[in-house]
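Residue numbers (our numbering), protein chains in the order written: chain Y, 7 to 371; chain R, 2 to 356.
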């Protein structure tokens, strides 16, 4: 007389908490998710193919559009890859400025993550607090390179411009006020019973599963694996700074929250040290006007806010790459989503999407 | 016009119209107040364009909602789809009938005695419980009649939520009824006046359970699962537009005001003045009792109701949202036992004192 059936429900591509145009097909048994199908490609622009017809200078603005929440890292990864291929040495001042802007970008990116993650779970106020601080950072970036989101901030071999006057003081001011502001997020969330209930034990991703899926970044570190490219394979001048790699134990959403919160503090430490040690001098290395890397291929990674950000370039000695390939952390991390939400409730799906911190521009490229 | 006609028809009708009008206006401005307070908490500007400080925003919103295209989805059950918001909004307004906005006798208007409330029913509280439960039907029917998946999930959630929280909601007022010995709303306030103590002191657990269940009943954060916008898009009213959507909103805000008024009446002495009525708070009285007589009862009632509503908004600004299973666990494991315990303890104390 009675029968129950599974309901398949379509979440996205237009849905308030899929962070863009992610589409999930959920198979629900009541409110319990029994299966998930991740459907992507709604933001596919074919950037990798486009790059094959652009010269090396023209590619950099395209990298901005990949992970538009942390475009500094896309720029950084790309220019370092080409520099590695060409064997260019970058002046020290440029490296320091790159580190400062990149670490500030990590904070800005984590602020977007925290705000939207909390908003998805229903804590509305945190979102506005986070964007208040992100606003300061975006103003700093605007003063540095003229753009607030898609920076195109670095050049192959160095930087296009030196720092504007007074910029370092503004950064120092931010470094001073930010810990207090972070305290405010802490008060609203870290010990909040509802927040604990919504994040503890939700979306568990064990270390071995994380490695199998190729997950990197905070999601991997929350599973207890202390792998950070800044320490494991230091690039730029990261080996000169003191900082810790926070790790979690319980592999759940709450630990990923704590790891990212701590990463913001560590980034602040790096910025402080880089500001103190900021050398003078040139900002542009010796680079020819027309960039023609030698024949060969190169793979280079940087530690983005979302994880391992890889660039693979095949050069045939032309001024255009023969093949360009991005290893985007969002895309790889997203694979773990069906595994993480299996057997949980619909509300947890939203929490898990938030904790993976995906950017669809990065997923679809 | 005969005297009986005026007494039995014209006066009640006028009362109803006045209270309906005031309530709808309060609801409209409640939305603005909510946005203002939330904006204040969240360091941003609230609506400021329409009128000075955005004071005409609710009217603009109303006009916008009226002019929106009224869409009924193809696959929806047309009759129920239209009926559902009406079913939700009627009980919400009906509940206002027994709320005593002010006491202290009657007004004299053209030689007729007029009470400052519509009706003083001797089972006022029971009536409120009965009426407030009816709102669920509208939400469930709306979710079901939309014939869409997200609304159905939202409707199922709200059904489960409201049924579970109805129980502690009912239990928590039993303590008040035992203390006052009546179920009439006016009678309860009179009893608080006679006892020289407002019931939030002896009934602090009752107040807690009642308020939390009230928030859950009205689907507000942190219990707004039926319409959790991050998960279910908009929950049971996803498919609703224009005036039908406005009716749901109207019902939600009216229920909020009703719950706040009930809290005021049951636990904070309704229209009574704080001093010298409550002896325990006497130390706070810095000559305030001299200006008291000027302020009418409904001023105090509105002030207290607004403070309760403020707590509602405060909750919204502070807390994340509960998960469905956690909400149920909170209801069945904590709220219901606590409310039953409250009934037992209050009953015991009342019995002992009477000996």
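From the three backbone atoms N, C-alpha and C, an ideal C-beta is built for every residue, glycine too.
None of these values were measured; they are calculated from a predicted model.
| Query | Result |
| --- | --- |
| Three-state secondary structure assigned by DSSP to residue 245 of chain R | helix |
| Proximity of residue 25 of chain R and residue 299 of chain R at Cβ, strictly below 7 angstroms | no |
| Partner residues on chain Y for residue 310 of chain R, Cβ-Cβ distance less than 9 angstroms | Going along chain Y, no residue has its Cβ under 9 angstroms from residue 310 of chain R, so there is no contact; the nearest lies around 18 angstroms. |
| Delimiting residues of the alpha helix (DSSP H) encompassing residue 86 of chain Y | 77-92 |
| Extent of the continuous alpha helix (DSSP H) to which residue 192 of chain Y belongs | 173-195 |
| Alpha-carbon to alpha-carbon, residue 92 of chain Y and residue 325 of chain Y | 12 angstroms |
| Inter-residue Cα distance where the pair is residue 144 of chain R and residue 133 of chain Y | 30 angstroms |
| Cross-chain neighbours of residue 329 of chain R in chain Y, by beta carbon under 9 angstroms | By Cβ distance, chain Y contributes nothing, its closest Cβ being about 11 angstroms from residue 329 of chain R, past 9 angstroms. |
| Coarse secondary structure for residue 48 of chain Y, derived from DSSP in three states | coil |
| Candidates Y:350, Y:48, Y:29, of which the one nearest residue 206 of chain Y by Cα | Y:350 |
| C-beta atoms of residue 87 of chain Y and residue 317 of chain Y nearer than 7 angstroms | yes |
| Short CB-CB distance (under 7 angstroms) between residue 43 of chain R and chain Y | yes |
| Within 7 angstroms, strictly: CB atoms of residue 343 of chain Y and residue 44 of chain Y | yes |
| Distance CB(residue 327 of chain Y)-CB(residue 310 of chain Y) smaller than 7 angstroms | no |
| Candidates Y:360, Y:168, Y:270, Y:66: closest to residue 287 of chain Y by CA position | Y:168 |
| Rounded straight-line distance, which links the Cα of residue 180 of chain R to that of residue 197 of chain R | 13 angstroms |
| Cross-strand partners of residue 302 of chain Y (DSSP beta bridge) | Y:321 |
| Residue 332 of chain Y - partner residues in DSSP beta bridges | Y:317 |
| When Y:359, Y:352, Y:330 are compared against residue 57 of chain Y, the one with the closest alpha-carbon | Y:330 |
| Cut-off 7 angstroms between Cβ atoms - residues of its own chain near residue 160 of chain Y, not counting five sequence neighbours on either side | 81, 82, 85, 104 |
| According to DSSP, residues forming a beta bridge with residue 307 of chain Y | Y:316 |
| 6 angstroms CB neighbourhood of residue 38 of chain R in its chain, flanking five on each side removed | 314 |
| Sequence-distant residues of the same chain with beta carbon closer than 6 angstroms to residue 332 of chain R, five excluded per side | 165, 166 |
| Three or more C-beta pairs below 8 angstroms linking the region 169-187 of chain Y and the region 295-311 of chain Y | no |
| Cut-off 8 angstroms between Cβ atoms - residues of its own chain near residue 6 of chain Y, not counting five sequence neighbours on either side | Residue coverage of chain Y in this structure runs from 7 to 371, which leaves residue 6 of chain Y outside it and unanswerable. |
| Positions along the region 113-128 of chain Y whose CB lies within less than 9 angstroms of some CB in chain R | 124, 125, 126, 127, 128 |
| First and last residue of the uninterrupted alpha helix (DSSP H) at residue 140 of chain Y | 130-151 |
| Best match in R:305, R:242, R:19, R:240 for proximity to residue 116 of chain R [C-alpha to C-alpha] | R:19 |
| Contact list for residue 412 of chain Y against chain R, beta-carbon separation under 9 angstroms | Absent from the model: residue 412 of chain Y. The displayed extent of chain Y is 7 to 371, so no value can be given. |
| Euclidean distance between Cα positions of residue 273 of chain Y and residue 112 of chain Y | 7 angstroms |
| Any C-beta of chain R under 7 angstroms from that of residue 351 of chain Y | yes |
| CB contact check: residue 134 of chain Y to chain R, cutoff 7 angstroms | yes |
| Inter-stretch contact (C-beta, 8 angstroms, three-pair minimum) for the region 34-53 of chain Y and the region 358-370 of chain Y | yes |
| Residues near residue 32 of chain R in its chain [Cβ-Cβ closer than 6 angstroms; skip 5 each side] | 59 |
| CB contact check: residue 324 of chain R to chain Y, cutoff 7 angstroms | yes |
| Under 7 angstroms between C-beta atoms of residue 242 of chain R and residue 64 of chain R | no |
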